[in-house]
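Novice:
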Amino acid sequence: MSRHTEQLVGALFNVLKTEGHTEAQQRFIESYQSHAPAQREELVATLVSDFVSIIQDYLTPQERADVFTATVEYLREQFLSVIEVAPVAIIVVAEDGSVQLWNTGAERIFGWTETEFLTESYSRMLAELPDTFETYFSQLQRGERLTGIETRHRHKNGSTLDVRLWAAPVYTTGDTPTGATFVISDITAQKQREQRLTILNRVLRHNIRNDITVLRGHLDLLADQVSDGNKHVEAMEKRLVNIESLSESARHIEQLQARDDEESLTTFELGAELQNHLDRLELDWPAAEIQSNIRAGTTIEAHELFPYALDNLIENAVEHNDSEIPRVFVETSFESESSQYVALAIGDNGPGLPKVEREVLTRETETDLMHSAGMGLWLTRWIIRSSGGELAVEPSQWDGTRIVLKLRTACPSPDDE
């Protein structure tokens, strides 16, 4: 039973009340109360059946006609009010491509009034190739839907707008579509912001690289003239490394915003990926004690930048660890009997995450960065979320930090094979 049927039943009940048919209304309430414990679809089907009987028993033929007419008008007014207040363009197109409905949102976004564009061809607005509309419409006529397609449309003033559209076929009789409904959102400002950020990011990174090259050259000359271990030289070297890290993080941010999450997903063999990171960690930090319990044969689906997120989490477990012997423990496991998600835990015996950095990883809402050191954690969080995963922070078995990632698998777990 569709939601449209539920809406119809609700509208009929409201009209009975408005028209003053109290006996029929009371009988309907009693029917609802007696069947309320039933499953939703069963309840709606029963109410429809009872409603037909109630209408027949309590209303004259003329009253029945008036109730049904008022119900149609009630639903029509609701439908039109939703269309008119919608902040997006809602356009209904007939089978021949002519516009049959043009809401206030369409007028605001595209500039044409309803009077100016009604019965005009929808393709008049398209700023793409002439056959673009035919391609869209042929899909809709086959009963397919269009979801989140980014394209370009024209404004009345001649400018071009970046838009995102959704569309569904309209059926008036039978199984063959007789038109389509388009819902269109103007994303021009969003696209311009993305473009400006991309250009700014590239210019800044280019300038930063050049400045770092110059500074490093001078720093090398200075290091040759002072004794080894000079604290001023070491401080400048550390700052240069931080700036290089920020530049690299900015490049990754650009990659994250360049494409939709779905387009950026790829597969990783989790065990092999983890082992590669742990092998590098062992070379870079020979004093660290590394333990692992990694299940082989687990393939995950994640954002293409997932290795960067792993690098950040695993290296942080040692880099910010002030213990005499830094310890890192990495394990993977499957939640209960489900094999759709794998849990990856990374624990350490360090001092624990500072409050600010913990919030970067776990807050539900985005907040401003408190300092540049959190950039890598922000990126890690974005990458995991873009992968359809989750991230949690808890104490480790050594009273340090344990970060748990919940990642989607791309194939069944070994136990299910």
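Position one of the sequence shown corresponds to residue 776 (the numbering used here), numbered consecutively onward. Where is the CB? At the ideal position from N, CA and C, for every residue including glycine.
Using the C-alpha atoms, what's the distance from Thr963 back to Ala1167?
Specialist: Answer to the nearest angstrom: the Cα atoms are 36 Å apart.
Novice: Would the beta-carbon of Glu1065 fall within 9 Å of that of Leu1088?
Specialist: Reading the sequence as shown, one finds Ile at residue 1065 and not Glu. No; because the gap between Cβ atoms is not below 9 Å, this pair is not in contact.
Novice: Measure the C-alpha to C-alpha separation of Ser1147 and Tyr1083 and round it to an integer number of angstroms.
Specialist: Residue placement at Ser1147 is flagged as unreliable, the pLDDT there being 46, under the threshold of 50; a coordinate-derived value is accordingly withheld.
Novice: If Asn1068 sits next to Glu1106, beta carbons under 8 Å apart, how far is it from one beta carbon to the other, in whole angstroms?
Specialist: Their Cβ separation, rounded to whole angstroms, is 4 Å, which keeps Asn1068 and Glu1106 in contact under 8 Å.
Novice: Residue range of the beta strand (DSSP E) that His930 falls in?
Specialist: No beta strand (DSSP E) contains His930, which DSSP labels as neither H nor E.
Novice: With DSSP as the reference, label Val1001 as helix, strand or coil.
Specialist: Looking at Val1001 - three-state DSSP - the assignment turns out to be coil, as it is neither helix nor strand.
Novice: Along the chain, which unbroken stretches of the alpha helix (DSSP H) at least 4 residues long are found entirely within the region 876–952?
Specialist: Runs of the alpha helix (DSSP H) inside the region 876–952: 879–885, 889–892 and 907–916.
Novice: Using C-beta distances below 6 Å, list every residue in its chain close to Leu1045, excluding the 5 sequence neighbours before and after it, in chain order.
Specialist: For Leu1045, where only same-chain residues beyond five positions count, the Cβ hits under 6 Å are Thr1073 and Ile1075.
Novice: Can you tell me which of Arg1160, Val867, Asp825 and Ser1002 puts its alpha carbon nearest to the alpha carbon of Leu1136?
Specialist: If we check each option's Cα against that of Leu1136, Arg1160 comes out closest.
Novice: Run through DSSP, which three-state label would Val867 get?
Specialist: Looking at Val867 - three-state DSSP - the assignment turns out to be strand.
Novice: Could you tell me the boundaries of the beta strand (DSSP E) in which Phe1106 lies?
Specialist: In the sequence on display, residue 1106 carries Glu and not Phe. Run containing Glu1106: Arg1102 to Phe1109, per the beta strand (DSSP E) assignment.
Novice: Where DSSP assigns a beta bridge to Pro761, which residues make up the other side?
Specialist: Outside the shown range of the chain, which is 776 to 1192, sits residue 761, and nothing can be said about it.
Novice: Would Phe1081 pass as a contact of Ile1158 if the rule is Cβ separation under 9 Å?
Specialist: Contact flag set, yes.
Novice: The beta strand (DSSP E) with His1078 in it runs from where to where?
Specialist: Run containing His1078: Thr1074 to His1078, per the beta strand (DSSP E) assignment.
Novice: Have a look at Ile830, Leu1154 and Glu848 and flag the residue whose alpha-carbon is nearest the alpha-carbon of Glu752.
Specialist: Because the chain in this structure spans residues 776 to 1192, residue 752 falls outside the shown range and cannot be described.
Novice: With respect to the alpha helix (DSSP H) encompassing Thr1137, which residues constitute its N-terminal and C-terminal limits?
Specialist: Where Thr1137 is concerned, the enclosing alpha helix (DSSP H) stretches over Lys1130 to Thr1137.
Novice: Just checking: is the beta-carbon of Glu1076 within a distance shorter than 9 Å of some beta-carbon in chain C?
Specialist: The displayed structure is made up of one protein chain only, and chain C is not part of it.
Novice: Which of helix, strand or coil does DSSP assign to Asn1096?
Specialist: Here Asn1096 sits in coil by DSSP.
Novice: May I ask you to report which of helix, strand or coil DSSP gives Gln1115?
Specialist: Gln1115 falls in the coil class under three-state DSSP.
Novice: Under a three-way DSSP split, which group does Arg1070 fall into?
Specialist: The answer is coil: DSSP assigns Arg1070 none of H, G, I, E or B.
Novice: Can the beta-carbon of Tyr897 be found closer than 9 Å to that of Ser873?
Specialist: Taking 9 Å as the Cβ cut-off, Tyr897 and Ser873 qualify as a contacting pair.
Novice: From Val842 to Thr894, what does the alpha carbon distance come to, in whole angstroms?
Specialist: Distance between the alpha carbons of Val842 and Thr894 is about 33 Å.
Novice: Short check: CB of Glu794 to CB of Ala845, under 9 Å?
Specialist: It is a contact, given that the beta carbons lie within the stated cut-off.
Novice: Rounded to a whole number of angstroms, what is the C-alpha to C-alpha distance between Ile1178 and Thr821?
Specialist: Straight-line Cα distance between these residues: approximately 51 Å.
Novice: Within a Cβ cutoff of 6 Å, which residues of the same chain sit near Ala1071, ignoring the five residues on either side of it in sequence?
Specialist: Around Ala1071: Gly1046.
Novice: If we require 4 or more residues per run, which alpha helix (DSSP H) segments fall completely within the region 824–874?
Specialist: Counting whole runs of 4 or more residues, the region 824–874 contains the alpha helix (DSSP H) stretches 836–860.
Novice: Taking Cβ to Cβ, would you say Ile1016 is nearer than 9 Å to Trp1060?
Specialist: According to the sequence provided, residue 1016 is Val. The question's Ile does not apply to it. Not closer than 9 Å, so no.
Novice: According to DSSP, simplified to helix, strand and coil, what is Gly1122?
Specialist: Residue state, collapsed to three classes: strand.
Novice: How long is the line joining the alpha carbons of Glu1012 and Gly992, rounded to whole angstroms?
Specialist: About 11 Å.
Novice: In angstroms with no decimal places, state the Cα-to-Cα distance between Tyr1116 and Ser824.
Specialist: Going by the C-alpha atoms only, they are around 44 Å apart.
Novice: Whose C-alpha, out of Asp995, Thr922 and His1078, is nearest the C-alpha of Ile959?
Specialist: Nearest C-alpha to Ile959: Thr922.
Novice: In whole angstroms, what is the alpha-carbon distance linking Glu798 and Ala861?
Specialist: Answer to the nearest angstrom: the Cα atoms are 38 Å apart.
Novice: Mapping the DSSP letters down to three states, classify Glu794 as helix, strand or coil.
Specialist: Reduced to three states, the DSSP call for Glu794 is coil.
Novice: Is the beta carbon of Gly1164 less than 9 Å from the beta carbon of Leu1152?
Specialist: Result no, Cβ atoms of Gly1164 and Leu1152 do not sit closer than 9 Å.
Novice: Helix, strand or coil for Ser1162? Go by DSSP, reduced to three states.
Specialist: Reduced to three states, the DSSP call for Ser1162 is coil.
Novice: Do you know how far the Cα of Phe803 is from the Cα of Phe826?
Specialist: Cα to Cα, Phe826 sits roughly 7 Å from Phe803.
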